[in-house]
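K.L.:
Quick note: to get this note's numbering, add 6 to the position in the sequence shown (first position is 1). For glycine and all other residues, C-beta sits at the position ideal for the given N, C-alpha and C. Starting off with a structure, shown below.
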Amino acid sequence: MDQSFLCYQMVARSHYCSFSGDKTDMHSQKNSKNGLSCKMVLQAVGKEVEGEAKWKEASDRREEAVLELEYTKIRVVDFDLKELVVLPREIDLNEWLASNTTTFFNLINLQYSTISEFCTGETCQAMTACNTIYYWYDERGKKTKCTAPQYVDFVMSLCQKLVTDEEIFPTKYGKEFPNSFESLVKKICRYLFHVLAHLYWAHFKETVALDLQGHLNTLYAHFIIFVREFNLVDPKETCIMDDLSEILCAPAPPPAPTPAPSAQTQRPPSSQNHFYFLLWEGGAVCPFTSL
Numbered sequence: 007m008d009q010s011f012l013c014y015q016m017v018a019r020s021h022y023c024s025f026s027g028d029k030t031d032m033h034s035q036k037n038s039k040n041g042l043s044c045k046m047v048l049q050a051v052g053k054e055v056e057g058e059a060k061w062k063e064a065s066d067r068r069e070e071a072v073l074e075l076e077y078t079k080i081r082v083v084d085f086d087l088k089e090l091v092v093l094p095r096e097i098d099l100n101e102w103l104a105s106n107t108t109t110f111f112n113l114i115n116l117q118y119s120t121i122s123e124f125c126t127g128e129t130c131q132a133m134t135a136c137n138t139i140y141y142w143y144d145e146r147g148k149k150t151k152c153t154a155p156q157y158v159d160f161v162m163s164l165c166q167k168l169v170t171d172e173e174i175f176p177t178k179y180g181k182e183f184p185n186s187f188e189s190l191v192k193k194i195c196r197y198l199f200h201v202l203a204h205l206y207w208a209h210f211k212e213t214v215a216l217d218l219q220g221h222l223n224t225l226y227a228h229f230i231i232f233v234r235e236f237n238l239v240d241p242k243e244t245c246i247m248d249d250l251s252e253i254l255c256a257p258a259p260p261p262a263p264t265p266a267p268s269a270q271t272q273r274p275p276s277s278q279n280h281f282y283f284l285l286w287e288g289g290a291v292c293p294f295t296s297l
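Here you go:
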């Protein structure tokens, strides 16, 4: 097995401090006993503007890095991922959505775990992607700003709760899916997209350092093609990553013809493809059982 595949289970050990803009909490200084002098107000506002400018500048640099060809061309498979998401004739739509959604949850959770020690309350004080900050809404609809690791923990806990609930994701034969099933799948996919977007935007440097960009690219492209196929995530939600999506989701060019190997040296078409199938089968989805 290629050593690069073992990176899926690696835990990074090097240290990296991601950029965070230096901002001043204006509200904490409001209505102070002695008030702020005009000079102090101008200094505070200037610091805030400077911090915002640095944050946007850093965001632009991140986008340039993510879209560099040397990174986007790296995959762990060389076939058209569209073939993995099309609903087979004999499979019920809800069964297909359930098995794929569960597997995406497991793989995205695994991908995030490889850089989780770098995603801390200090390095990621908010759940960001591009110039967007994601807020968590609890069961009562209360809006909460939280750190990225807290947000991801909320996402994974919610997904785990849903995909293991027999009333929502039934595994027994003859058990019906609830009427709310599709809306819950859309909710899960929306949150999983937030995690993928954060991985690219805040932790792509660590991902490249671990030589995991091929795995992330393949997983992201597979996920986007899947949610587009079944309209599971609003395009307005995913538009912040459209540039990357169009690059990664483009059909792979056909491989260059090579001389036919002899019988003694003949190998399976692609060990990387085979490994990706093993990962996917491990998540209870076996798209190509005839292979």
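Are there 16 or more other CB atoms within 10 angstroms of the CB of residue 99, so buried, or fewer, so exposed?
P.N.:
So residue 99 ends up on the exposed side.
K.L.:
How far does the beta strand (DSSP E) with residue 140 in it extend, from its first residue to its last?
P.N.:
Per DSSP, residue 140 belongs to the beta strand (DSSP E) from 138-140.
K.L.:
Please go through the same chain and pick out, in chain order, the residues whose beta-carbon is closer than 7 Å to the beta-carbon of residue 375, but skip the five residues on each side of it.
P.N.:
This structure cannot settle anything about residue 375, because the visible part of the chain is limited to 7 through 297.
K.L.:
Under 8 Å between the Cβ atoms of residue 197 and residue 165?
P.N.:
Yes.
K.L.:
Within 10 angstroms of its Cβ, does residue 192 collect 16 or more other Cβ (buried), or is it exposed?
P.N.:
With 16 or more other Cβ atoms within 10 Å, it is buried.
K.L.:
Can you give me the Cβ contacts of residue 92 inside the same chain, cut-off strictly under 8 Å, excluding the 5 residues immediately before and after it?
P.N.:
These residues qualify, in order along the chain: 235.
K.L.:
Distance, Cα to Cα, residue 132 vs residue 96?
P.N.:
Their Cα atoms are separated by approximately 44 Å.
K.L.:
Any contact between the region 162-179 and the region 236-246? By contact I mean 3 or more CB pairs, one from each, below 8 Å.
P.N.:
Too few Cβ pairs lie closer than 8 Å, so no.
K.L.:
Using the three-state DSSP reduction, which class does residue 197 fall into: helix, strand or coil?
P.N.:
Here residue 197 sits in helix by DSSP.
K.L.:
Kindly list the residues whose CB is nearer than 6 Å to the CB of residue 203, restricted to its own chain and excluding five residues on each side of it in sequence; keep chain order.
P.N.:
Cβ neighbours of residue 203 beyond the five flanking positions: 135 and 247.
K.L.:
Using C-beta distances below 7 Å, list every residue in its chain close to residue 40, excluding the 5 sequence neighbours before and after it, in chain order.
P.N.:
With a pLDDT of only 40 at residue 40, under 50, the local geometry of the prediction cannot be trusted, and the value read off the model is given with reservation. If we look at residue 40 and ignore the five residues flanking it on each side, it has no Cβ neighbours.
K.L.:
Under a three-way DSSP split, which group does residue 215 fall into?
P.N.:
Of the three classes helix, strand and coil, the one that applies to residue 215 here is helix, per DSSP.
K.L.:
Sort 84, 89, 83 and 104 by Cα distance to residue 189 and report the nearest one.
P.N.:
Cα-wise, what sits closest to residue 189 is 104.
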